[in-house]
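Heads up, the thing below is written out as structure tokens.
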Amino acid sequence: MTCAHRSLPFGAHVLVTNLSNNRSAVLVVNDRGPFIKDRIIDVSTGAADVLGFRRAGVVQVTVETVAD
Numbered sequence: 068m069t070c071a072h073r074s075l076p077f078g079a080h081v082l083v084t085n086l087s088n089n090r091s092a093v094l095v096v097n098d099r100g101p102f103i104k105d106r107i108i109d110v111s112t113g114a115a116d117v118l119g120f121r122r123a124g125v126v127q128v129t130v131e132t133v134a135d
């Protein structure tokens, strides 16, 4: 599963945790963004499904880099 981040290098692995339900997933940065103020990461549709917020669209998350 993939995500977009403004500054992390392409190929970086990040652990994203949905703070409303504590679901987590390791994602790979493959794009730049988000370009909307106050958002820190965009995730793929598949990642949003796993993290449990596809319908909500926007939720609070934590993002941690992990070793490849």
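Count along the sequence shown starting at 1, add 67, and that's the number in this note's numbering.
Where a beta carbon is used, it is the ideal one built from N, C-alpha and C, also for glycine.
- A Cβ-Cβ distance of about 6 Å is found for the pair Val93 and His80, placing them in contact under the 8 Å criterion.
- Scanning the segment 85–134 from its first residue to its last, the whole beta strand (DSSP E) runs of 3-plus residues come out as 91–98, 128–133.
- Straight-line measurement puts the Cα of Ser111 at about 10 Å from the Cα of Asn97.
- Rounded to the nearest whole angstrom, the CA to CA distance from Thr84 to Gln127 is 9 Å.
- Val133 is a Cβ neighbour of Leu82, given a cutoff of 8 Å.
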